[in-house]
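Residue numbers (full-length UniProt numbering): 1 to 142.
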């Protein structure tokens, strides 16, 4: 009879432990999911900022070298983006995993007219050039 009550106590402890574990999982899983989503949003934002920085640096390089210069850059993009380019900035906006919109802007001086280029998911080749005897620089994807 003593052994049966000891087995009963062990069964109760296992039941309490199982219920506690289920409650812990129910409360922590959504928190972990939000943390992962926020981390991925930060990672995506930094990747897009890096891509814009590469484009801005190429524009600065060509602008600094003057007419007849050309710069080719390769960008590996994780998502499809529409890049807006004007005389003083390179910018884009994209949707985060939290369904909010993120705007990113890189300041740059150039004589590129207001234009837009599209980056596809995967590898993109962008050419920035300032043709000889031309007033404005050009930027386009190949």
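We put the beta carbon where it would ideally sit given N, CA and C, even for glycine.
Taking C-alpha atoms, which residue in the options lies nearest to residue i?
{"i": "residue 110", "options": "103, 58, 38 and 40", "result": "58"}
{"i": "residue 67", "options": "140, 120, 135 and 141", "result": "135"}
{"i": "residue 37", "options": "99, 74, 93 and 14", "result": "99"}
{"i": "residue 88", "options": "115, 125 and 101", "result": "115"}
{"i": "residue 90", "options": "46, 55 and 124", "result": "55"}
Is the beta carbon of residue i less than 7 Å from the beta carbon of residue j?
{"i": "residue 95", "j": "residue 118", "result": "no"}
{"i": "residue 128", "j": "residue 62", "result": "yes"}
{"i": "residue 102", "j": "residue 45", "result": "yes"}
{"i": "residue 112", "j": "residue 85", "result": "yes"}
State the Cα-Cα distance for the pair residue i and residue j, rounded to the nearest angstrom.
{"i": "residue 2", "j": "residue 28", "result": "Note that residue 2 scores a pLDDT of 49, beneath 50, so its modelled location is shaky; the value from the coordinates is reported in the next line. Taking the straight line joining both Cα atoms gives about 39 Å."}
{"i": "residue 34", "j": "residue 40", "result": "10 Å"}
{"i": "residue 121", "j": "residue 64", "result": "30 Å"}
{"i": "residue 15", "j": "residue 92", "result": "54 Å"}
{"i": "residue 10", "j": "residue 21", "result": "16 Å"}
{"i": "residue 12", "j": "residue 18", "result": "10 Å"}
{"i": "residue 141", "j": "residue 125", "result": "6 Å"}
{"i": "residue 42", "j": "residue 26", "result": "26 Å"}
{"i": "residue 23", "j": "residue 97", "result": "27 Å"}
Among the residues of its own chain, which have a CB less than 7 Å from the CB of residue i, if the five just before and after it don't count?
{"i": "residue 32", "result": "none"}
{"i": "residue 60", "result": "108"}
{"i": "residue 30", "result": "none"}
{"i": "residue 47", "result": "78"}
{"i": "residue 123", "result": "74 and 76"}
Tell me which residues share the same chain as residue i and place their Cβ nearer than 8 Å to its Cβ, disregarding the 5 neighbours each side in the sequence.
{"i": "residue 131", "result": "67, 68 and 138"}
{"i": "residue 133", "result": "67"}
Which residues in the same chain have their Cβ closer than 6 Å to the Cβ of residue i, if we skip the five residues on either side of it in sequence?
{"i": "residue 70", "result": "129"}
(message) Count Cβ pairs between the stretch 71-80 and the stretch 44-56 that sit closer than 8 Å; are there 3 or more?
(response) Judged by Cβ distances under 8 Å, the stretch 71-80 makes contact with the stretch 44-56, as three or more pairs qualify.
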